[in-house]
Amino acid sequence: MTELMIAKQNPYGERYFEELNGKTFANSSSKTVFDRYFKEAFDAEYQLYLIVGTDSGLLPVYLLNKFQTDRKGRKFVFIEQPEVIEKLDLSELPEWLSVVSSEQNLKDLSADWIDYMMTKRLGLYKSIAIMDEHSDAAVELWDEVKDQYSRLQFSDLANNHSRPFVEAQLKNYPRNNFPISNFKKRLQGKRAIVIGGGPSLDKLVGWIKEHRDEFFIFAVGRVSKRLHKEGLEPDFIVSVDPHELSYDNSKQMFYFVDHSILLSCYHIAPRLLSQWSGAACYFGELYPWEEASGNSTSPGPTVLHGALVQAAFVGCQEIYLAGADLCFYEGKTHVSGSAEEEVGKLSIQNTSKVMTYSGEEAETDIPFAQGVVALGTVAKYLNETRGTQVYNLSPHAAQADFVEYRSVESVQSQPQSVSKDAILEQLKSEIEMSADEMRDTLEEKLKVMQQERKLMVSAEKLIKEAIKSVKRYRADFNQKALDKAQKQRAKLDRLLDEKNMMLFYYGYNYFTKVMKPVEDNERLTDEEISHTLSTYFDGMKKSIRDYLKLLDGVIDEIKFMQTEFKAGSLPCELFPRWEEKKEYGRSEVWRRFHEPVSNQIQLNCLEKARDAFYLDISVEQTKQAARLLGKAFSVKNLIDKIKQAFEKGSKQDLEDLVAPVSKLKNSMDQQGLSNFIEGALLAIDDPNSAIAVLEKNEHPKLQVYIKNYLLSRYMESDKHEHALQTLQDLCQLSNDYLIPYADYLNILGRPDLAAEVALELFKQEQSNLPALIKVVHYSHKADMQELFADALEVALSMDSQHPELLAYVNSNPA
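The sequence shown runs 152 to 965 under our numbering.
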């Protein structure tokens, strides 16, 4: 909370609060300050700008004056502390320029921003008060809003109709044959353990092994490597993510193919499903345009949530979570042995805070923070609708609503009345298919995809005609052509029906590049209508083009599978395709549906495929893991992490970075970053004690940051020569420091030199009015009359109503 004293007033009649902005506006008009700070920051049209802080209410007024006659779809929302809002007069602000209290959550406010969010036209910005961090309250406000904004972005991006999900869904379509609805309530009253990939699994895995016969074990695919090493076979493996990294993280699950039932979300990574030769069910929808089919869903945002829902769906009443931390513990982010555990927090971009069951505050990332909220929502729903009780076995896990903590000592032993293995074998027998059944299923699925392709070709033809109609309108403003285009849009909507929205999200990027937010659908001009139609048809044309390529690939895959399942098919003829797709495990699927091979040549092909398959799943240092490690241990990322730790004042985080930095191969990088950490550790206790260390740093990527830090220290301690030299160094790196250099020369009593520095900047950037106004001020102060007169004349030609220029005109009307 910021306690505001009496507002100050600058020479231009503007009120400001020193508690918010220091002396930023004491001698300069807000227009000069904002023109310099924000330059082209708000030039993008049809954009929503979320700005933290109002700069004593001056920034909204500046933007009102700048854009009130030329808004072009811009919308500004300021987030400000409530005690500051009370002191501001906001009565004259229009609807497109609003100030909201920081007590309101961005998620709630975002209901009014749908058009901007769908077209990816929003951004988060700092006011000068937030940039300058004049108070702890300003820092806290930024951190809070940034956290909410990151969560909002995450939830906005998590759309299951986006391209990777649709592509995985259709690629998996030929193999998604048994919905998990076949198993609904089949484990009614049983107990389950759901295993996630959090660090607490390291301490719980021994207890789980000891009591494995008393629970049905559901494990997320990514912990398969750890479970395999422990000799612990899960009863159900759950996999969700469509990305290739999910294959790398989960491929050791193939070791469990004879025991485990794979519960795959419809958009599981296709290479996992295509090579799985065991029993499998899918949850979610079979088609990307299908909704509410009665199958179990995948709520997200993580595979853990999907696993929990499936355990409850099949009837488990008591569900215990292990490795479901959703936060960091003892510096670890994931279970030991995983690629994510090796990189730890180096791969985390934005962090948040959660409370654990032990009553301690713990760090987490944004997806995990979202996951904590979602876990509480899921647990509440399961309890209210099915009577399911959810418990967490780790005291160091993030607290989630409706999920209680239970120590392993308090979990009572309950031997199974019927053998768990017998129940699993019965379930497996119900989802088996013969080769004949598989061939019949593939034939039906091929017909569905071919029919889908015909529909898309029809839509493609209609879109081509509609684009011609829009072009005819734009050529001579033919109203009949525009009316026809609108009718063609309606016809296309009817033709595609529920697939319309699916195609929009599938081709999302095509639409967002050109679509503009619409503020009033009832008052669109003909030109706006034609633009909307044009962007819609163009985006849909490209989306359908890509979708047709996907359908062709699925049709080709079904036809190849028909060859695989055909009686008498030969492994050696199939091997080139398996090799091309790096899906050697399909040879294991082939074995399951065919009689044993007696021909040595064919047997050799099968053995060659099997060897390649088990070699692949045994390799732990995969390309995906290498990319993850490479990015995490890059110099750029390490520098960012050091800066974040320093600005947060976290010695522990800085000390944790010593080891990764010591592994850098380039000696200059290692020395420069080590010096940076050493200086940062000193600066947290005593800012001035770090000066001698940081002055030695010569790493090129650190110079601007470190010299800015040193500049502040020099100025605070009146080391003027050091400050001037540092400013000169910074000016060599960027023109942005020429004005601060000029200002400092003026402070030191050399307005003549200050005027020359500002003039040099204006010569390089002749549209830079704030630089020219500095020339006016300093040349006047230095009595450089000729330069003053010339600079004032040019400045007035650029902005005849600028308050700082008018002050000179009014004081000397002659």
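C-beta atoms are modelled at their ideal positions from N, C-alpha and C, and glycine is treated no differently. No experiment lies behind these values; they were computed from the predicted model shown.
Comparing C-alpha distances from residue 418 to each of 429, 438, 858, 320 shows the shortest one belongs to 320. Looking at 753, 542, 794, the one whose alpha-carbon comes closest to that of residue 719 is 753.
Rounded to the nearest whole angstrom, the CA to CA distance from residue 840 to residue 834 is 6 Å. When DSSP states are grouped into helix, strand and coil, residue 545 belongs to the coil group. When DSSP assignments are scanned along the region 762-827, the uninterrupted stretches of alpha helix (DSSP H) that are 4 or more residues long and fall wholly within it turn out to be 774-783, 786-799, 802-807, 809-813.
The residue from 208, 477, 280, 959 with its alpha-carbon nearest to that of residue 242 is 208. Of 156, 823, 654, the smallest CA-CA separation from residue 849 is found for 823. Judged by their CB atoms, residue 267 and residue 199 are nearer to each other than the 7 Å cut-off. With 16 or more other Cβ atoms from the protein chains shown falling within 10 Å of its own Cβ, residue 345 counts as buried. Around residue 866, the same chain offers 874 as residues with beta carbons nearer than 6 Å, after the five sequence neighbours per side are excluded.
With the rule of 3 Cβ pairs closer than 8 Å, the region 387-400 does not count as touching the region 725-734. If the five residues before and after residue 244 are omitted, its C-beta is found closer than 8 Å to the C-beta atoms of 211, 215, 250, all from its own chain and listed in chain order. Apart from sequence neighbours up to five positions away, the residues of its chain that approach residue 646 with a beta-carbon distance below 7 Å are 609, 610, 613, ordered along the chain. The shortest CA-to-CA distance from residue 557 to any of 566, 540, 568 is the one to 540. Annotation: the continuous beta strand (DSSP E) that includes residue 249 extends over 248-252.
For residue 847, there is no enclosing alpha helix (DSSP H), since its DSSP letter is neither H nor E. Annotation for residue 716: 586, 589, 590, 593, 744 place their beta carbon closer than 8 Å to its own, counting only its chain and skipping 5 residues before and after. Assignment of residue 877 by DSSP, reduced to helix, strand and coil, places it in the helix class. Taking a 10 Å sphere around the C-beta of residue 953, we find 16 or more other C-beta atoms and assign the residue as buried. For the alpha helix (DSSP H) assignment, the uninterrupted runs of no fewer than 4 residues enclosed by the region 407-473 are, from N- to C-terminal side, 421-425, 454-464.
Cβ-Cβ distances below 8 Å link residue 155 to 168, 170, 171, 234, 235, 238 in the same chain, with the five nearest sequence neighbours on each side left out; the list follows chain order.
Contact check between the region 456-474 and the region 337-357: three or more CB pairs, one atom from each, fall below 8 Å, which counts as touching. If you draw a straight line from the Cα of residue 410 to the Cα of residue 510, it comes to about 39 Å.
The region 495-558 contains, as complete alpha helix (DSSP H) runs of 4+ residues, the segments 517-537 (chain order). Going by beta carbons, residue 474 and residue 357 fall outside the 7 Å limit. Relative to residue 789, the option among 486, 499, 421 whose CA is nearest is 499. When Cβ pairs closer than 8 Å are counted between the two stretches, the region 735-749 is seen to touch the region 420-433, the count reaching three or more. Judged by beta-carbon spacing, residue 253 lies within the 7 Å limit of residue 232, meaning their Cβ atoms are closer than that value.
Excluding sequence positions up to five before and after residue 413, its CB lies within less than 6 Å of the CB of 388, 427, 431, all in the same chain and listed in chain order.
Bounds of any beta strand (DSSP E) do not take in residue 281; it lies within the alpha helix (DSSP H) bounded by 279-283.
Closest option to residue 918, judged by alpha-carbon separation, among 948, 491, 880, 372: 948. Linking residue 555 to residue 542 through their CA atoms gives a straight-line distance of about 5 Å.
By alpha-carbon distance to residue 648, the top candidate from 774, 441, 176, 637 is 441. In the DSSP assignment, residue 343 forms a beta bridge with 367, 470. The closest CA to that of residue 751, considering only 780, 455, 721, is found on 721. For residue 202, no alpha helix (DSSP H) run applies; the uninterrupted beta strand (DSSP E) run containing it begins and ends at 199-203, by DSSP.
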